[in-house]
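Those protein sequence lines, which keep their order, are chains A and Z. The numbering of the first sequence is my numbering, which starts it at 619 and goes up by one. The numbering of the second sequence is my numbering, which starts it at 373 and goes up by one. Notes follow once the structure below has been shown.
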Amino acid sequence: GENVGLHLPTLSVQEGDNSIINCAYSNSASDYFIWYKQESGKGPQFIIDIRSNMDKRQGQRVTVLLNKTVKHLSLQIAATQPGDSAVYFCAETLPYGGFKTIFGAGTRLFVKA
Amino acid sequence: GAGVSQSPRYKVAKRGQDVALRCDPISGHVSLFWYQQALGQGPEFLTYFQNEAQLDKSGLPSDRFFAERPEGSVSTLKIQRTQQEDSAVYLCASSERTSGMFDGELFFGEGSRLTVL
């Protein structure tokens with residue numbers, strides 16, 4: 619199907635540690651991926667994106683890795699901070715059918731002080 | 373405007389009532405999306421507009437759901453004869469994506485939380 623799924627529903631990490639959030643997608647035709655962060659009561663907020671012709675992209679404290687062979691996406695957060703506590707979603711966009719963006723179920727990240 | 377604005381932020385409806393949820397996208401954004409987010413779940417795609425054209429409404433759960441964007445800017449999601457299972461947060465997002473573009477960030481509003489009693 620077109621659903622994007624996540625391996626772990628919750629992740630708890632110590633402040634200062636690195637976090638890795640994983641995502642599996644099912645559609646090999648997906649061309650564009652985004653990671654979003656959602657805090658309680660707010661809409662999803664863009665973190666980082668990657669196109670299918672790349673396998674790695676870095677931002678400020680975040681890195682997204684894409685493995686098209688196994689249809690796997692991950693988000694790495696360096697030196698995790700309490701402000702990083704939120705739900706993280708990966709989303710994929712298909713290059714056809716109106717280019718709608720489809721979200722997975724999300725991973726809740728808890729950062730322990 | 374500075375961001376995507378949605379109203380009302382909270383709506384309580386009795387089962388069977390009609391509701392209308394409004395979305396003001398970022399000025400100049402061509403694309404507009406509606407999503408439904410149940411508690412503890414990811415956003416589920418409902419429908420997508422490019423300007424005033426509704427290009428995809430495959431995610432609308434039933435014919436009680438109707439969306440419009442008559443002038444290519446403000447959009448309204450209408451739910452007729454609301455049911456308890458319609459209780460969710462309804463998110464609107466806009467994007468600079470134009471025809472032929474599949475990439476580009478979606479900018480989300482804070483959502484309208486609908487509770488059907």
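Using N, Cα and C, we set each Cβ at its ideal position, and we do this for glycine too. Keep in mind the model is a prediction, meaning the values are calculated, not measured.
- Per DSSP, the unbroken beta strand (DSSP E) holding leucine 418(Z) starts and ends at 416-422.
- Serine 644(A) sits exposed, since fewer than 16 C-beta atoms from the chains shown fall within 10 Å of its C-beta.
- Within chain Z, the residues whose beta carbon sits less than 9 Å from that of alanine 723(A) are Gly412, Gln413, Gly414, listed in sequence order.
- Taking C-alpha positions only, serine 447(Z) is separated from alanine 731(A) by approximately 42 Å.
- For a cut-off of 8 Å, the C-beta gap from isoleucine 652(A) to aspartate 673(A) is around 16 Å, too long to register as a contact.
- In the DSSP annotation of this structure, the continuous segment of the beta strand (DSSP E) that includes valine 705(A) starts and ends at 704-711.
- In this structure, Ser646(A) is the residue among Gln656(A), Lys660(A), Pro700(A), Ser646(A) with its C-alpha nearest to the C-alpha of arginine 669(A).
- Comparing C-alpha distances from histidine 401(Z) to each of Ala439(Z), Ser430(Z), Glu443(Z), Ser484(Z) shows the shortest one belongs to Glu443(Z).
- The alpha-carbon separation between histidine 690(A) and leucine 404(Z) amounts to approximately 28 Å.
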